[in-house]
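Asks: Protein chains in written order, with numbering that gives the first Met the number 0: chain A, 0 to 289; chain B, 0 to 744; chain C, 0 to 156.
First the structure, then my questions, so here it is.
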Amino acid sequence: MWNEFESPQSVQDALVILEKHGGNARVMGGGTDLLMQLKSKRQTVECLVSTGKIASMKEIRLEGEKLVIGGAACAMQVQKDPLVRQYVPMLAQACAKLGAPQIRNAATLAGNVVTAKPAADSAVALTASDAVLEILGPTPRSIPLIDAYAGLMQSAVDSTKEMVVAIEIPLPTGRYGSHFARIASRRAAALPILNAAAALCLDDDGNITKSRVVVGGVGPSPQRLYTLEDMLQGQRGTIDLIEQVCGASPDHVHPRDSIRSSAAARKGLLPGLLKKCLLSSFEMATKKEG
Amino acid sequence: MKNLDLIGKKIWKLDGEEGIQGQTRYGTDLSMSGMLYVKAYRARIPHGKLLRLDVSKAAALDGVSCVLTAKDIPGEKKFGFPAGADQPVLVEVGGTILMKGDALALVASPSLSVAEKALSLIEAEYEQYEAIDDYERVANDSSYFLKNECSGEYSYERGDLSKGQAEADVILEGSYEVPIQEHAYMETESGLSYYDSKGILTVESGTHDAFYVRYEVARCLGIDEIKVRSIVPLVGGTYGGKQQCSTQLHIALVTQKTGLPAKMVWSRRESMLVSHKRHPAKIHMRMGATKDGAITFLESNYVMDGGPYSTCSSGVCYWMGTHSAGPYNIPNVSINGKAVYTNNTVGAAFRGFGGPQGVFPLERHMDKMARELNMDAQQLRAKNYIREKDQPACNGVLIDTRVTVGEALEKAIEKLGPLPQPSTPHAKVGRGYAVAMPLHDVSSDPVWGMGGTGAHVEIFRDGSIEVRSGTCEFGSGLDTVQKLIISNEFGVPMERIHLITSDTYWTPKVGRCVGSKGAYASGQALLMASQELKERLATIAAVHFGTYPVIAPLVFANERIYTNQQKRDYMTLAEAADFAYRQGMNLAADSWYVNPNRLNGNAFCAMAADVEVDMLSYETKVLRCGYVHDAGTIINPLAAIGQAVGGVTQSIGYALTEKWVIEKGESKTLSFHDYTIPTSVDTPHIEVEFIEEPSTDGPYGAKGLSEHPSYVGAVAIVNAVSNALDTEFDVFPLTPDKLYTYLHG
Amino acid sequence: MQKIWSGTINGKKIEKSIEQSMTLLHFLRDELSLLGTKVGCESGDCGACAVIIDKKLFNSCITPAFAVAGCEITTIEGLSENGQLHPIQKALLDTGSFQCGYCMPGMCMALKCAMDAAEHNLTEEEIREAISGNLCRCGSYSLVVEAISLLQEVKKS
């Protein structure tokens with residue numbers, strides 16, 4: 000599992016420890032997924048490097064036109080944060096539905112992304128928020144979240160060398176609405192059959208200037224349904240349009256059978272789930288003033 | 000006689016005050032210095048021959064105290080109850096693996112991590128056979144089988160089926176399937192074994208019967224039962240699942256081999272893989288009725304999947320059959336069922352014991368028949384209920400008390416109030432209900448090995464009382480009920496009674512703490528022993544009051560013996576006990592309770608539920624439940640409420656959230672995140688009421704209780720969803736993916 | 000590899016040399032003999048091991064011990080004072096929520112956490128939400144909700 004455990008108090012210290020172990024150490028956020036992954040793979044790392052005591056990584060703040068969420072911010076913190084609730088409500092919703100209270104107190108957003116689960120609730124909402132990961136390490140860089148997946152359960156972030164220190168979300172403009180929803184076998188602490196996040200921006204005439212439709216559970220990572228977004232783009236926002244677009248969704252996903260659901264059922268459940276997300280987003284956006 | 004001071008009062012569970020502070024000890028908490036951790040190496044395939052097993056690397060690992068295989072078993076190499084020993088303790092090389100998870104070898108080490116590492120060094124080679132996994136096919140295709148016999152059979156005929164068919168205006172057919180259910184107790188299987196200072200091999204383990212464990216341990220180790228002591232500590236839930244041996248034989252073998260204490264705790268994955276499950280079943284049912292709603296015949300054919308080992312499949316198959324005709328007076332009945340062997344999960348006891356499987360098709364069919372006849376479903380049931388003095392179909396029991404099933408259903412529905420409006424435009428609501436007449440098994444049938452329940456009651460010179468009973472405490476409040484009975488009988492406060500349970504050294508046999516062996520049978524045994532002891536004390540009192548040889552009626556209350564109901568003259572219980580002691584009188588009484596009627600059938604229960612189905616997400620929410628149960632006199636209301644609410648909650652899981660996935664003998668849902676039991680946010684407010692129609696032969700008029708909610712819970716919810724969606728659901732669970740698939744194919 | 004763990008557990012300052020590879024659950028049970036925190040699944044799914052760390056609820060089975068060094072930890076043993084039951088514990092016993100009892104320590108911790116953090120009386124929905132990560136197979140949830148609702152009524156009056 001792990002031999003040593005370090006809790007550095009700064010990003011710099013953390014990177015030094017990672018380098019010292021030359022690839023045999025790993026960054027840990029809350030550990031809610033990581034520990035079980037190590038166990039099931041019968042893997043032992045030399046050292047776990049926790050971000051839990053890095054205060055700067057727990058901040059949630061506005062920086063110009065961006066909402067910046069520290070990589071060590073936990074789901075409970077994000078769920079309750081007034082800035083998140085104001086600017087990216089679907090992210091607050093996703094975090095509120097994640098697992099159970101004790102999981103939300105530990106699980107970090109960076110961790111959710113880097114463990115590369117196909118349908119991590121917060122990752123689905125972050126993808127729909129056009130989130131960008133700020134990565135520090137030997138090759139510091141920023142990458143869109145959607146590019147953070149290198150394959151099934153594989154991250155483009157190498158946690159033996161680098162860390163996601165922050166997640167940046169461009170502040171939505173105009174009349175914006177968003178919504179997250181999930182379908183699972185029970186109402187708490189359950190991996191999703193499907194989850195989805197949608198966001199809409201309307202202009203003053205009610206036309207859709209921007210949309211995001213993201214689904215988890217139909218591929219190795221959160222899938223952005225570009226075709227559906229194209230169908231919405233520039234159109235006058237109406238309930239009929241949304242229902243039509245949702246109805247077309249099964250043709251644009253290729254889920255697999257799993258113990259949680261057959262592929263056919265996933266396709267079948269998708270329109271209803273997307274309706275929930277898009278209709279709620281539409282309702283929210285409509286209520287906003289230009 | 001019911002002393003209103005104690006019976007029926009809300010009393011904290013006996014171990015509750017300690018337990019809620021984290022001070023009680025379960026099997027997982029036990030330890031002893033010098034203890035070895037034991038882990039089992041398990042078969043990776045569901046069916047095949049074990050060709051080779053190489054444990055040499057594991058045995059050579061530094062820190063490993065011993066590695067055992069089948070050849071190291073000195074005694075019997077198989078175990079199993081009650082049908083017989085057909086499950087291997089450890090599969091021999093050259094032997095057949097019949098279940099994924101069959102144990103092949105044991106490793107023991109003072110270090111848990113070394114024991115786990117040693118497991119990874121064992122190598123096994125198999126010749127894999129096809130997994131026999133289609134149980135319906137086993138029942139119908141003689142060329143496809145695992146064992147050339149079935150593990151259970153049931154057949155019942157009454158009247159004349161063809162006559163019933165001729166009289167029917169409407170005949171309905173239906174095919175149903177009832178799924179596997181995993182017990183999912185919060186404490187996994189655990190045990191600790193050790194030699195005591197006198198060289199007696201002691202096993203402490205979570206189970207239903209300390210004596211059964213002693214028997215199997217002695218057999219397996221090739222020693223006399225007098226050399227074994229078996230104790231059952233507090234158990235963190237079982238619901239029937241811990242009846243068979245799990246850790247006990249493995250740890251006992253290690254202790255015998257090494258002389259050291261040995262502990263085994265199953266991981267959650269191991270528990271889900273290996274432990275026994277509720278038997279799934281497929282049923283084909285035909286029912287006929289006149290246009291006025293009188294049911295003229297019922298025909299049911301069913302097959303259950305018992306997995307590879309017999310366990311109690313014979314009993315579960317029987318139980319399913321006897322509940323197939325419900326509390327209805329049907330003149331022409333034909334029920335035929337069998338339990339077959341496969342390489343799937345092992346079917347054994349789970350709360351309801353075949354009853355839920357029998358009630359599901361019947362109560363679904365009743366709803367369908369009501370629709371067909373354009374009758375209210377409650378009215379159709381009411382038209383066909385049995386009456387007092389009737390002999391209902393299947394179970395051979397005469398109803399000798401008031402029939403309260405109709406009243407129970409009415410009250411259950413009343414508790415729901417008016418059907419609520421859907422909470423969103425895309426939701427649908429529906430109400431459903433179900434009734435049952437669960438038999439409670441107070442078995443004295445020797446074939447089942449459960450015959451006879453003993454109790455020992457002794458009063459000490461200071462008036463305090465020691466009670467010994469073979470029952471086990473695993474959450475149903477049996478300890479509390481037993482102390483309540485003694486407290487009530489002798490008029491002694493609870494804190495002056497010491498209860499010793501489930502220890503083969505000290506306690507008499509209970510015969511397995513299942514069905515109604517708990518409160519009912521043990522209660523009766525306690526009453527018998529108490530009666531005998533009180534009669535002796537009454538003689539002493541008669542001498543004291545100068546009425547001897549006339550023994551006047553006495554009242555035992557307030558730690559005193561009163562001469563009459565007006566309670567004017569008395570002697571203290573301690574005075575009487577002390578006097579009796581000095582006279583050389585025996586102050587201990589032992590009883591042995593055997594019920595000549597193996598089954599008793601006059602408990603009735605009903606559940607009503609309102610559900611809301613979200614037609615966008617296909618998620619079903621239970622809005623409210625009402626559960627009403629005639630369990631006779633309620634001795635311990637808090638325990639009774641807990642059992643009722645708990646049984647309903649488990650049924651919500653069975654109907655809506657718990658989906659066991661198994662393919663070709665390989666179970667896939669082996670964790671709490673894959674097999675999802677209900678959480679607090681899946682469970683609504685559950686209203687419970689008890690109708691206390693006393694039984695003629697239970698302690699203080701009690702009837703069976705704890706298993707009964709499971710009979711009606713799941714089917715009431717499936718009935719509700721069927722009503723909400725105007726669609727007949729004949730299978731479950733109705734998880735969103737399954738609900739969508741059933742509706743849209 | 001061993002290191003000194005120091006922090007506060009149930010109000011007591013603790014300093015002990017332990018393996019860095021230990022989870023908090025095993026630290027509590029095997030090193031400190033605090034057996035009230037239970038082993039249910041060891042995968043963070045059931046809440047039987049839930050404890051309070053710096054006023055928040057965590058599953059100790061998936062918390063490395065050293066992740067919470069320097070923190071204030073409360074286990075079930077720290078809930079009652081001088082053998083006096085905490086009102087939450089009394090309330091749970093009053094409604095018969097305590098059946099096999101295995102989930103109860105974790106359940107108590109979840110309830111205490113939620114009630115301490117709330118500025119108002121918890122609604123039924125909020126109580127259910129607070130214990131949504133504590134599995135109870137004996138099925139006592141609605142009795143737990145009833146217990147806390149009653150307790151809050153009593154406190155209010």
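The beta-carbon is built from N, C-alpha and C at its ideal position, and this holds for glycine as well.
Since we're looking at a predicted model, the values are computed, not measured.
I'd like to confirm the pairing. Which residues does DSSP put opposite residue 671 of chain B in its beta bridges?
Replies: Residue 671 of chain B pairs with nothing; no bridge assigned.
Asks: Can you name the residues of chain C whose CB is closer than 7 Å to the CB of residue 31 of chain A?
Replies: Within 7 Å Cβ-Cβ: 43 and 61.
Asks: Would you say residue 132 of chain C faces chain D, with C-beta separation under 8 Å as the test?
Replies: Annotation note: the requested chain D is absent from the structure, which comprises protein chains A, B and C.
Asks: Report yes or no: do three or more beta-carbon pairs, one from the stretch 263 to 272 of chain A and one from the stretch 57 to 70 of chain C, lie closer than 8 Å?
Replies: The stretch 263 to 272 of chain A vs the stretch 57 to 70 of chain C: no contact.
Asks: Between residue 125 of chain C and chain B, is the shortest Cβ-Cβ distance under 8 Å, so that the two count as touching?
Replies: For residue 125 of chain C, the answer is no, since every Cβ of chain B falls outside 8 Å of its Cβ.
Asks: Please state if the CB of residue 65 of chain B and the CB of residue 253 of chain B are separated by a distance shorter than 8 Å.
Replies: A contact, by the Cβ cut-off of 8 Å.
Asks: What first and last residue would you give for the alpha helix (DSSP H) that runs through residue 93 of chain A?
Replies: Element bounds for residue 93 of chain A: 88 to 96.
Asks: Kindly indicate if chain C contains any beta-carbon less than 8 Å away from that of residue 100 of chain A.
Replies: Taking Cβ atoms only, chain C reaches closer than 8 Å to residue 100 of chain A, which makes this a yes.
Asks: Cβ-heavy atom distance between residue 49 of chain C and the ligand SAM below 7 Å?
Replies: Absent from the structure shown: the ligand SAM. Ligands present: none.
Asks: Can you list, in chain order, the stretches of the beta strand (DSSP E) that have 3 or more residues and sit fully within the stretch 171 to 241 of chain B?
Replies: The qualifying runs are 189 to 194, 200 to 204 and 227 to 230.
Asks: What is the DSSP secondary structure of residue 651 of chain B, counted as helix, strand or coil?
Replies: Reduced to three states, the DSSP call for residue 651 of chain B is helix.
Asks: Can you tell me the Cα-Cα spacing of residue 290 of chain B and residue 401 of chain B, whole angstroms?
Replies: Approximately 28 Å, taken between the alpha carbons.
Asks: Taking the alpha-carbon of residue 707 of chain B as reference, which of B/141, B/112, B/513 and B/554 has the nearest alpha-carbon?
Replies: When each option's Cα is compared against that of residue 707 of chain B, the closest is B/513.
Asks: According to a CB-to-CB cut-off of less than 7 Å, which residues of the stretch 46 to 70 of chain A neighbour chain C?
Replies: Residues passing the 7 Å Cβ filter: 47, 49 and 51.
Asks: Am I right that residue 100 of chain B and residue 184 of chain B are in contact with their C-beta atoms under 8 Å? What's the rounded C-beta distance?
Replies: At roughly 17 Å, the Cβ-Cβ gap does not stay under 8 Å, so residue 100 of chain B and residue 184 of chain B are not in contact.
Asks: Quick check: what's the CA-CA separation for residue 20 of chain C versus residue 27 of chain C?
Replies: Going by the C-alpha atoms only, they are around 14 Å apart.
Asks: If contacts are defined as beta-carbon pairs under 8 Å, then residue 334 of chain B and residue 320 of chain B qualify, I think. What distance do you get, rounded to the angstrom?
Replies: Correct: roughly 5 Å between the Cβ atoms.
Asks: How is residue 56 of chain C classed by DSSP in three states: helix, strand or coil?
Replies: It is a strand residue.
Asks: What are the residues of the stretch 671 to 699 of chain B that lie near chain C, defined by any Cβ-Cβ distance shorter than 8 Å?
Replies: Those residues of the stretch 671 to 699 of chain B that come within reach of chain C (Cβ to Cβ, closer than 8 Å) are 671, 672, 676, 677, 678, 679, 680, 682, 683, 684 and 685.
Asks: If you follow the alpha helix (DSSP H) that residue 604 of chain B is part of, which residue opens it and which one closes it?
Replies: Counting along the chain, residue 604 of chain B falls outside any alpha helix (DSSP H), though it belongs to the beta strand (DSSP E) covering 603 to 613.
Asks: Identify each residue in the stretch 110 to 128 of chain B for which the Cβ-Cβ distance to at least one residue of chain C is less than 7 Å, and report them in chain order.
Replies: Within the stretch 110 to 128 of chain B, no residue has a Cβ that lies closer than 7 Å to any Cβ of chain C.
Asks: Rounded to whole angstroms, what's the CA-CA distance from residue 629 of chain B to residue 412 of chain B? Just pull it up for me.
Replies: Each residue's alpha carbon lies about 15 Å from the other.
Asks: Looking only at its own chain, which residues have a Cβ that is under 8 Å from the Cβ of residue 238 of chain B, when we skip the five neighbours before and after it?
Replies: Excluding positions up to five away in sequence, the list reads 182, 184, 349, 350 and 649.
Asks: Can you name the residues of chain A whose CB is closer than 8 Å to the CB of residue 384 of chain B?
Replies: Chain A residues near residue 384 of chain B: none, gap ~36 Å exceeds 8 Å.
Asks: Beta strand (DSSP E) containing residue 296 of chain B: first to last residue?
Replies: That run of the beta strand (DSSP E) goes 294 to 304.
Asks: Hey, does residue 88 of chain C have any beta-carbon neighbour from chain B nearer than 8 Å?
Replies: For residue 88 of chain C, the answer is yes, since a Cβ of chain B falls inside 8 Å of its Cβ.
Asks: Can we say the stretch 494 to 502 of chain B touches the stretch 463 to 475 of chain B, given the rule of at least three CB pairs closer than 8 Å?
Replies: Because the criterion of three Cβ pairs below 8 Å is met, the stretch 494 to 502 of chain B and the stretch 463 to 475 of chain B touch.
Asks: CA-CA distance, residue 391 of chain B and residue 357 of chain B?
Replies: So the two alpha carbons sit approximately 15 Å from each other.
Asks: Give the residues of chain C in contact with residue 153 of chain B, contact being defined as C-beta atoms less than 7 Å apart.
Replies: In chain order: nothing, as chain C lies at least about 30 Å away.
Asks: Classify residue 85 of chain A as buried or exposed, calling it buried when 16 or more other Cβ atoms lie within 10 Å of its own Cβ.
Replies: When all chains shown are included, residue 85 of chain A counts as exposed.
Asks: In the DSSP assignment, what are the bridge partners of residue 299 of chain A?
Replies: There is simply no residue 299 of chain A to check, as chain A begins at 0 and stops at 289 in what is shown.
Asks: Quick one: what's residue 365 of chain B bridged to in DSSP?
Replies: Looking at the DSSP assignment, residue 365 of chain B forms no beta bridge with any residue, so it has no partner.
Asks: Pick out whichever of B/88, B/93 and B/217 has its Cα sitting closest to the Cα of residue 105 of chain B.
Replies: With distances taken between Cα atoms, residue 105 of chain B lies closest to B/88.
Asks: Give a yes or no on whether the C-beta atoms belonging to residue 137 of chain C and residue 98 of chain C are separated by under 8 Å.
Replies: Yes; because the gap between Cβ atoms is below 8 Å, this pair is in contact.
Asks: Counting only beta-carbon atoms, is residue 72 of chain A nearer than 8 Å to chain B?
Replies: Chain B contact via Cβ: absent.
Asks: Per DSSP, what are the beta-bridge partners of residue 140 of chain B in this structure?
Replies: Answer by DSSP bridge pairing: none, since residue 140 of chain B is not bridged.
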